[in-house]
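Residue numbers for the sequence shown follow our numbering, so the first one is 8 and each next one is one higher.
Glycine residues also receive a C-beta, built at the ideal position from the N, C-alpha and C atoms.
Worksheet: the structure to be examined is printed underneath.
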Amino acid sequence: YQGSITIPVIVNILEDANHPVTQAHINSQIAILNEDYNDMNPATGGVPSEFNNAVANVDITFVLAGVNRKTSTRTSWGTNDEMKHSNLGGMDAVDPAHNLNFWVCEIGGGILGYAQFPGGELDTDGVVIGSDFFGENAAGGQYGHGRTATHEVGHWLNLRHIWGDGGCRQDDFVADTPSSDRANYGCPSYPTVHCRTNDMTMNYMDYVDDNCMYMFTNGQNDRMRAIFGTGGTRESFVQ
Ligand code: ARG
Ligand code: ZN
Ligand code: CA
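Quick look at the structure:
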């Protein structure tokens with residue numbers, strides 16, 4: 008799909024007084040998504056020259072379409088999607104065929120966020136982010152700069168982890184991301200080698216610190232855009 012893509016975003020917040028999510032967090036999160044998906048992250052200047060030609064402008068615009076808040080004292084929602092159902096104490100998705108729904112809540116278990124891949128049930132479609140990891144200047148330390156959402160939206164747009172979640176031969180189904188056999192953490196020095204070639208540790212689909220991830224590749228861009236084409240799993244967003 009070659010046309011312009013605009014994604015309306017609904018932010019559903021299960022408000023916990025000890026982990027406030029402010030309008031500034033929300034606005035900065037939308038701004039960060041727009042930077043990262045439009046090749047405007049200032050850190051991208053640090054991409055090593057061997058990867059320069061692979062850097063993609065995905066050209067997707069995210070627009071805040073609504074914020075819903077519900078008071079909650081629950082401190083660990085886990086990952087079984089209960090936050091997505093009002094009858095289970097959560098909040099129902101808003102028109103998920105036409106909006107990217109975020110749920111911001113206390114997930115617990117050290118989990119930063121999780122996403123549903125395209126093609127799943129509509130009522131659970133979207134992205135869950137821990138309250139301390141949503142937006143800029145969030146409480147989450149090295150994960151407090153909004154890149155968990157960039158990473159999870161990558162999954163929501165069909166991207167796998169850059170190392171393919173397996174050994175050197177396990178693919179992420181993207182040709183221009185080098186193979187690796189593990190996630191990288193922290194802020195790795197360049198070069199980092201695990202499968203004979205240099206890892207692209209600065210890719211949004213690795214596990215490094217927020218400030219150390221700053222590129223998608225053209226191959227990842229193709230994989231994301233494919234789902235918006237005719238018969239694609241997110242075609243409803245461009246009709
Ligand atoms: N561990 C999470 C996942 O696999 C997100 C990792 C995000 N990394 C970050 N630096 N914010 O979906
Ligand atoms: Zn992930
Ligand atoms: Ca690859």
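- The residue among Gly96, Asn106, Gly85 and Gly127 with its C-alpha nearest the C-alpha of Gly115 is Gly85.
- His152 sits in a strand when the DSSP states are folded into three classes.
- According to the DSSP assignment, Arg81 belongs to no beta strand (DSSP E), since it is labelled neither H nor E.
- Counting along the chain, Ile12 sits inside the beta strand (DSSP E) bounded by residues Ile12 to Glu22.
- Excluding five sequence positions before and after Asp179, the CB atoms of its chain that fall closer than 6 Å to its own CB belong to Arg167, Ile169 and Gly171, given in chain order.
- One Cα belongs to His201, the other to Met207, and the distance between them is close to 11 Å.
- Under the three-pair Cβ rule at 8 Å, the region 150-168 counts as touching the region 206-225.
- For Thr184, the distance from the CB to the nearest heavy atom of ligand 3 is below 6 Å.
- Secondary structure note for Ala122: its beta strand (DSSP E) is the uninterrupted segment Gly120 to Ala122.
- At a threshold of 6 Å, Asp66 does not count as near ligand 3, since its beta carbon sits no closer than that to any of the ligand's heavy atoms.
- Rounded to the nearest angstrom, the Cβ distance from Thr51 to Val62 is 6 Å, consistent with a contact under 8 Å.
- Across the set Arg230, Asp102, Thr204 and Met98, the C-alpha of Met98 shows the shortest separation from the C-alpha of Glu22.
- Following the DSSP letters along the chain, one finds Ile39 inside the alpha helix (DSSP H) bounded by residues Gln30 to Asp43.
- Beta-bridge pairing by DSSP links Glu143 to His152.
- Distance from the CA atom of Thr68 to the CA atom of Tyr121, rounded to whole angstroms, is 21 Å.
- Here the C-alpha atom of Ile136 lies approximately 19 Å from the C-alpha atom of Glu128.
- Nearest C-alpha to Tyr221 among Cys175, Asn228, Asp183 and Arg154: Arg154.
- Within 10 angstroms of the beta-carbon of Ala145 lie 16 or more other beta-carbons, which makes it buried.
- Under the three-state reduction of DSSP output, Arg167 falls in the coil class, being neither helix nor strand.
- Excluding residues up to 5 positions away in sequence, Ala72, Gly73, Val101, Asn106 and Asn108 lie with their Cβ nearer than 6 Å to the Cβ of Ile17 in the same chain.
- If you compare the alpha carbons of Glu89, Asp139 and Thr224 with that of Gly133, the shortest gap goes to Glu89.
- Closer than 6 Å to some heavy atom of ligand 1: that does not describe the Cβ of Tyr44.
- When secondary structure is reduced to three states using DSSP, Phe180 falls in the coil class, being assigned neither helix nor strand.
- The three-state reading of DSSP puts Thr86 in coil, since its state is none of H, G, I, E or B.
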